[in-house]
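Quick notes on the structure that follows.
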Amino acid sequence: MPKVHKELKICEAKSDKSSIDEPLEVELKDLPPHLEYVFLEGDDKLPVIIAKDLSVEEKTALITVLKSHKRAIAWKLSDIKGINPEFYTHKILMEDDFKPAVQHQRRVNPKIHDVI
Numbered sequence: 047m048p049k050v051h052k053e054l055k056i057c058e059a060k061s062d063k064s065s066i067d068e069p070l071e072v073e074l075k076d077l078p079p080h081l082e083y084v085f086l087e088g089d090d091k092l093p094v095i096i097a098k099d100l101s102v103e104e105k106t107a108l109i110t111v112l113k114s115h116k117r118a119i120a121w122k123l124s125d126i127k128g129i130n131p132e133f134y135t136h137k138i139l140m141e142d143d144f145k146p147a148v149q150h151q152r153r154v155n156p157k158i159h160d161v162i
């Protein structure tokens, strides 16, 4: 069996602003009843999810640790240092003269549809 070796390049840090310097406003989803959102900056910046059943002292200690290490948390892929964007970027290679076409929705076999 042939072995494939792919070298990963170490990228230089970009000059883009990180999520910590310019936090994005995100749309928060409903959480299960045992979880809650906590914000590390302001009332709507840098959200993290923690357990709801923690005591007040545990929540305070956890939030303090998270705030002191917020640069270690990546809110978006560009916040992760040293990863080449080519590694996580998907490109669809199409010919220049090709026009994309909308295809009709496929039908599922009725016998299989009952299982789904």
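Under this note's numbering, think of the first position of the sequence shown as 47, with each following residue one higher.
Positions of the beta carbon are idealized from the N, C-alpha and C atoms, including for glycine.
Keep in mind the model is a prediction, meaning the values are calculated, not measured.
Beta-bridge pairing of residue i - partner residues as DSSP gives them
i          : result
residue 91 : 87
residue 96 : 82
CB-CB length for residue i against residue j, believed under 8 Å
i           : j           : result
residue 120 : residue 126 : 5 Å
residue 108 : residue 100 : 7 Å
8 Å Cβ shell around residue i - same chain, five flanking residues per side excluded
i           : result
residue 155 : none
residue 73  : none
residue 77  : 83, 95
residue 71  : 90, 91
residue 105 : 84, 96
Cut-off 7 Å between Cβ atoms - residues of its own chain near residue i, not counting five sequence neighbours on either side
i          : result
residue 97 : 80, 81
Residue-level contact to chain B via CB, residue i, 8 Å cutoff
i          : result
residue 83 : The chain inventory of the structure shown lacks chain B, comprising one protein chain alone.
Other residues of its chain near residue i: CB distance less than 6 Å, five sequence neighbours each side excluded
i           : result
residue 134 : 123
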